[in-house]
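Asks:
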Amino acid sequence: MNFARQENRASRGQSDGRGRVLRAAGLALLMLLSACGFQMRGATPLPFDTLYVSIPKNSRFGAEVRRAITATSPNTRLVDTPKEAEAQLQQIANARSMREVSLNAQGRVEEYELGLVFTFRVIDAKGRALLPDTTLETYREMPYNDQFVQAKEGQAEALFRNMEQSLVSRIVRRLTSPDVRLAAEKAAQQKPGDPEGPVYDTNPPPQPRIPEPWRTPSITNGPAGLDPY
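The opening position of the sequence shown corresponds to residue 1 in UniProt numbering, with each subsequent residue numbered one higher.
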């Protein structure tokens with residue numbers, strides 16, 4: 001019996017020893033990878049130190065984009081004017097839409113399709129394209145009952161919020177893609193006389209001043225086309 005207990009203690013000791021060795025080896029490997037510049041997934045810094053975002057600050061969507069950029073690339077400083085920035089994220093278009101996709105036997109709407117379309121580009125301080133005009137789209141279907149209009153309008157707004165969050169993730173993935181890093185490195189190494197790609201105005205396109213809730217398509221007004229947002 002004593003021999004069995006001693007054997008168990010010896011086995012546990014060997015197991016603990018192996019665990020400590022594996023943990024130490026894992027820590028050493030992580031430190032080595034960090035020293036070589038390896039980044040853990042989710043920590044992909046942008047290839048510029050300062051960035052101007054032309055999406056209106058006072059919009060929920062603009063605030064979410066800025067938060068996501070800061071979380072992804074903490075060392076990239078978001079600046080207030082284009083002149084301070086090494087690069088710009090320029091919003092070109094941002095639109096919501098709502099269209100009928102299904103009617104019942106009485107001709108009443110049974111289902112709507114909600115759409116959100118966002119177009120943007122990324123340029124450097126000289127207007128050179130780091131990411132050419134890019135359009136991202138997302139759609140959701142929503143069942144509709146005209147006896148519960150207010151509830152459905154609340155549901156539509158919640159769906160639009162969810163769609164915005166989806167677009168924010170996709171925007172950040174595009175910003176941190178290898179293509180953008182490569183374009184930024186190429187632009188930094190460009191010499192006078194080298195052929196250039198498209199060059200854009202460094203003044204951001206004008207943005208609508210109408211508050212975003214007023215730009216949400218209304219169910220009570222019938223189907224809406226692609227309204228500016």
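Glycine included, every Cβ here is placed at the ideal spot set by N, Cα and C.
Would a C-beta distance cut-off of 9 Å place residue 85 and residue 48 closer than the cut-off?
Replies: The answer is yes: Cβ separation under 9 Å.
Asks: How many angstroms separate the CA atom of residue 184 from the CA atom of residue 205?
Replies: Rounded to the nearest angstrom, the two C-alpha atoms are 22 Å apart.
Asks: Which of the three DSSP states, helix, strand or coil, is assigned to residue 182?
Replies: Residue 182: helix per DSSP, three-state reduction.
Asks: Taking its Cβ as the centre, do 16 or more other Cβ atoms sit within 10 Å of residue 164, making it buried, or is it exposed?
Replies: Per the 10 Å Cβ criterion, buried.
Asks: CB residue 88 to CB residue 207, shorter than 9 Å?
Replies: No. Outside cutoff.
Asks: If the criterion is Cβ atoms closer than 9 Å, does the pair residue 199 and residue 126 meet it?
Replies: Result yes, Cβ atoms of residue 199 and residue 126 sit closer than 9 Å.
Asks: Tell me the DSSP secondary structure of residue 82 in three-state form.
Replies: Looking at residue 82 - three-state DSSP - the assignment turns out to be helix.
Asks: I need the boundaries of the alpha helix (DSSP H) containing residue 199, first residue and last residue.
Replies: Unbroken run through residue 199: none, as it is neither H nor E.
Asks: Does the stretch 137 to 144 come within contact of the stretch 109 to 124, defined as at least 3 CB pairs closer than 8 Å?
Replies: These segments touch.
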